[in-house]
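Everything on this sheet refers to the single structure shown next.
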Amino acid sequence: MNIRHFENEIDRTILERGYGYYIEGNILEVLCQGKNQYFVQVEGSEVYEVEITIDESGRIERSVCDCPYDLGSVCKHEVAAYYELRDILDDDSDIEVIQGPAVTHPKLAEVLSALSKEQLIEVIVEMAQQDGVLKNSLILKYSQGSDAEELDRCKKLIAAIVKKYTGRGGFIEYRKVGSFAKEIAEVLEKAWETENVLLTTDIACLVLVEAVEAFQYADDSDGDIGWLADEAVDQLHEALADNANWEPELRERLFRKLLQESERTTFDDWEDYRVALLGMCAQFADVETLRNALKANIEDLVHAYASQEYQKYTSEALHGIWLGILREYGSAEETEQFIVANLHYSSFRESLITKYKQENDFDRVVQLALEGEELDKGHAGRILKWQEIRYAAYRELQLKEEQMRLAEQLLLAGKFEYYRELQQLAGEERET
2 MNIRHFENEI
12 DRTILERGYG
22 YYIEGNILEV
32 LCQGKNQYFV
42 QVEGSEVYEV
52 EITIDESGRI
62 ERSVCDCPYD
72 LGSVCKHEVA
82 AYYELRDILD
92 DDSDIEVIQG
102 PAVTHPKLAE
112 VLSALSKEQL
122 IEVIVEMAQQ
132 DGVLKNSLIL
142 KYSQGSDAEE
152 LDRCKKLIAA
162 IVKKYTGRGG
172 FIEYRKVGSF
182 AKEIAEVLEK
192 AWETENVLLT
202 TDIACLVLVE
212 AVEAFQYADD
222 SDGDIGWLAD
232 EAVDQLHEAL
242 ADNANWEPEL
252 RERLFRKLLQ
262 ESERTTFDDW
272 EDYRVALLGM
282 CAQFADVETL
292 RNALKANIED
302 LVHAYASQEY
312 QKYTSEALHG
322 IWLGILREYG
332 SAEETEQFIV
342 ANLHYSSFRE
352 SLITKYKQEN
362 DFDRVVQLAL
372 EGEELDKGHA
382 GRILKWQEIR
392 YAAYRELQLK
402 EEQMRLAEQL
412 LLAGKFEYYR
422 ELQQLAGEER
432 ET
């Protein structure tokens, strides 16, 4: 990679963030040591140092940053430094370059290995006293204790991280959100390290709740908070994957824990996560008492959402959870009755359409699609979906005239792939 033309070799998102730092004047200082070795201080969530070594042609021989980013080979601080260094080499920078002799920095490991145990303890304690996150992180990672103590340490570490990033303003600005999310995600590592699935579940739920709450106090323009919440959900899925053979008492405790978490008001504006937790509860539906408890919870939510049009998709997702349970543990008749009773939901209508397709009952497919079009008036995208289903059914029924009329409508609606269908149908009509 060359300092003169590096843009095409760096991830687009990282490039844009680094360019933003450069444009906003986040380069604080540039030190040139020797001929081609540069140390650039870049202000991010903290002040980071980027070390760059180039050869005579501008090729970047070495580039490192002391920030915690490890998701790629180049971070946004390095990108900002590249832009500034290119300006410096072109004599087009307002930054005054500090000249100094070439030096070789000792490696941190070498410095620390020369200290005695007492000196190391003194250094760590002093740093931890100045940094609440470091203190709580060290205690969480290296101390031993009961599950309750471990969970309490996770809570304290999360609280310290939130305090560090929100500050007095109580809000995390855009450029700090990525680092914040990454530090909170490190708490999930503790969940991986424990073999106690109850503690794993508690920690993952703790992180999920904090992530969802963070939507209210952080600028998540890049989706880092959403990523954090999804990581917590994924961890819960993996932790519970093999629950079928666990002791009944443990399974019930996990079920009750998930059900209780789903009832948090935190999820009132973020229903997808509530639905995700209830979907996990369905893994325990082989136990009748738990199945009935989940059914009652779903029914209560659906009733509460009934008068809220914007919750229609949430209600559909909740009905979908119960449909999956019925298919597993209910009768075929009971399952079909439930589907028919909920045909106002697109996914249920499509499910019944799939059944009739498998039975080659395309007249019913046409009828269901027409009803779907009527229900979804005013929603062009959904109407197109039903029309395409209807078109495929007409083709199976060999209803050429209906096909042609509908193909014309689809073509006029922007579905240009039906032009060839029309040509073929017109050709067949001329032949007859």
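Under the numbering used here, the letters of the sequence shown match residues 2 to 433, in that order.
Don't be surprised by glycine CBs; every beta carbon is placed ideally from N, CA and C.
Since this is a predicted model, take the numbers as computed values, not measurements.
According to the DSSP assignment, I299 belongs to the alpha helix (DSSP H) that extends over E289 to Y306.
In this structure, the beta-carbon distance from I55 to I11 does not fall below 8 Å. F40 carries a strand assignment under DSSP once its states are collapsed to helix, strand and coil.
Boundaries around T167 are those of the alpha helix (DSSP H), D148 to T167, since no beta strand (DSSP E) includes it. By the neighbour-count criterion, in which a residue is buried when 16 or more other Cβ atoms sit within 10 angstroms of its Cβ, G373 is buried.
Counting every other CB atom within 10 Å of its CB across the protein chains shown gives G168 a total below 16, marking it as exposed.
W387 sits buried, since 16 or more C-beta atoms from the chains shown fall within 10 Å of its C-beta. Where T315 is concerned, the enclosing alpha helix (DSSP H) starts and stops at K313 to Y330. In the DSSP annotation of this structure, the continuous segment of the beta strand (DSSP E) that includes T54 starts and ends at V48 to I55. In the structure shown, I384 falls within a helical segment according to DSSP collapsed to helix, strand and coil. Counting C-beta pairs closer than 8 Å gives three or more between the segment 186 to 206 and the segment 251 to 268, which meets the contact rule.
Counting only residues of its own chain and dropping the five nearest sequence neighbours on each side, A283 has a CB closer than 8 Å to the CB of L295, I322, G325 and I326.
The C-beta distance from Y330 to A286 rounds to 6 Å, short enough to meet the 8 Å contact threshold. Judged by beta-carbon spacing, L229 lies within the 8 Å limit of A212, meaning their Cβ atoms are closer than that value. Contact between V41 and A82 holds, with the beta-carbon distance rounding to 4 Å and staying under 8 Å. Counting the other Cβ atoms within 10 Å of the Cβ of V163 gives 16 or more, which makes it buried. In this chain, V65 is not harboured by any alpha helix (DSSP H); it is covered by the beta strand (DSSP E) spanning I61 to C66. 8 Å or more divides the Cβ of V65 from the Cβ of E44. By the Cβ neighbour-count rule, A277 is buried, with 16 or more other Cβ atoms within 10 Å of its own.
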